[in-house]
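Working notes for the structure below.
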Amino acid sequence: MSRSQHLTLRPDDNTNVDITLPEYVRAILPGGRNPTRLHLGMHVHDLRYTVIVEYNSDNLPLIALYDGPNTNGQLLGLVNKPRDSAVFWKHTNEITAVHMYQPNLSETFTMSSFMKPSYRFSTRVGLGEDEHYEKFQWRPTKGKEIEKFFMYPKGFKLVRQEAVGPSGGEGGSRKEREEGETSDGKEIVAVWVTENKLLPKVIDQECRAFKFELYGSAKTGELGHHLPYAALMSALKIWVDGN
Numbered sequence: 012m013s014r015s016q017h018l019t020l021r022p023d024d025n026t027n028v029d030i031t032l033p034e035y036v037r038a039i040l041p042g043g044r045n046p047t048r049l050h051l052g053m054h055v056h057d058l059r060y061t062v063i064v065e066y067n068s069d070n071l072p073l074i075a076l077y078d079g080p081n082t083n084g085q086l087l088g089l090v091n092k093p094r095d096s097a098v099f100w101k102h103t104n105e106i107t108a109v110h111m112y113q114p115n116l117s118e119t120f121t122m123s124s125f126m127k128p129s130y131r132f133s134t135r136v137g138l139g140e141d142e143h144y145e146k147f148q149w150r151p152t153k154g155k156e157i158e159k160f161f162m163y164p165k166g167f168k169l170v171r172q173e174a175v176g177p178s179g180g181e182g183g184s185r186k187e188r189e190e191g192e193t194s195d196g197k198e199i200v201a202v203w204v205t206e207n208k209l210l211p212k213v214i215d216q217e218c219r220a221f222k223f224e225l226y227g228s229a230k231t232g233e234l235g236h237h238l239p240y241a242a243l244m245s246a247l248k249i250w251v252d253g254n
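Residue numbering for the sequence shown follows this note's numbering, starting at 12 and increasing by one per position.
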């Protein structure tokens with residue numbers, strides 16, 4: 012069984028390990044444009060997760076996420092290299108993520124991106140007999156949800172396409188609508204944000220920042236154990252593309 016195709020538990024792994032995803036994590040970066048190893052945590056001394064990025068080899072995943080400060084921990088998620096598409100303007104990645112409280116279970120889903128900067132996927136949500144599939148979309152945002160992170164934030168919001176936001180779906184302009192809701196009244200369940208730097212990449216050689224936060228029903232657990240990691244892995248994929 013290839014790790015680029017499936018998540019597996021090693022025999023000595025503890026299947027009762029608590030791998031609850033915090034509602035907020037940020038990247039702890041080593042410096043440089045395209046780091047191949049970095050950490051995620053709630054602050055600079057919290058090396059809670061290890062992220063390996065493989066830019067060159069076609070035989071290894073693009074991104075692998077491990078629990079803990081090194082790659083000896085539980086493998087929590089993978090993003091495979093883009094699949095070939097019949098049309099040049101569509102790209103598809105396979106993403107695998109574990110269940111938050113059931114690390115011996117995982118699910119693989121596909122995320123497609125188009126010329127317009129939005130990314131779509133469907134994945135399993137809910138708990139027990141209430142599990143079902145829902146559609147999600149990462150949309151660019153400059154809304155209230157990301158304003159607190161940087162002076163000049165640039166980011167994406169993960170929209171639950173079949174659910175209304177906190178106001179019951181009223182939506183509206185950025186100034187008028189409630190936090191956690193889109194202009195068309197949909198619920199926002201996660202955001203990721205970086206800093207919109209003034210210097211172009213050819214001059215500024217540092218990797219762009221990454222901050223991620225769960226919102227709404229993803230934060231409360233209503234959508235189950237899988238979605239938080241599905242959201243994080245898909246957000247990392249978009250961030251890596253942007254670097």
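By construction, the Cβ of each residue, glycine as well, lies at the ideal position given by its N, Cα and C atoms.
It should be emphasised that the depicted structure is a prediction, and the values quoted were computed from it without experimental measurement.
Check, Outcome
"Cut-off 6 Å between Cβ atoms - residues of its own chain near Ser-133, not counting five sequence neighbours on either side", "Tyr-144 and Lys-146"
"Residue environment, Pro-164, which counts as buried when at least 16 other CB atoms sit within 10 Å", "buried"
"Exposure label - Arg-185; buried when at least 16 CB within 10 Å", "exposed"
"Buried/exposed call for Ser-68, threshold 16 Cβ in 10 Å", "exposed"
"Counterpart residues of Lys-257 in DSSP-defined beta bridges", "Residue 257 lies beyond the stretch modelled for the chain, which goes from 12 to 254, so this question has no answer here."
"Where Asn-45 falls, given that 16 or more other Cβ within 10 Å makes a residue buried", "exposed"
"Beta strand (DSSP E) segments (min. 3 residues) lying fully within the region 42-94", "48-52, 60-64, 74-78 and 86-90"
"Residue from Val-170, Ala-220 and His-54 whose Cα sits closest to the Cα of Ser-129", "Val-170"
"Range of the contiguous beta strand (DSSP E) that encloses Ser-145", "Correcting the residue identity first, residue 145 is Glu in this sequence and not Ser. Run containing Glu-145: 143-152, per the beta strand (DSSP E) assignment."
"Which of helix, strand or coil DSSP assigns to Leu-245", "The amino acid at residue 245 is misidentified as Leu; the sequence shows Ser. Looking at Ser-245 - three-state DSSP - the assignment turns out to be helix."
"Per-residue DSSP class, three states only, for Glu-187", "coil"
"Separation of His-237 from Lys-208, as counted between CA atoms", "33 Å"
"Cβ-based neighbour list, Pro-177, same chain, cut-off 6 Å, excluding 5 preceding and 5 following", "Glu-189, Gly-191 and Glu-192"
"For Glu-173, the three-state DSSP class (helix, strand or coil)", "strand"
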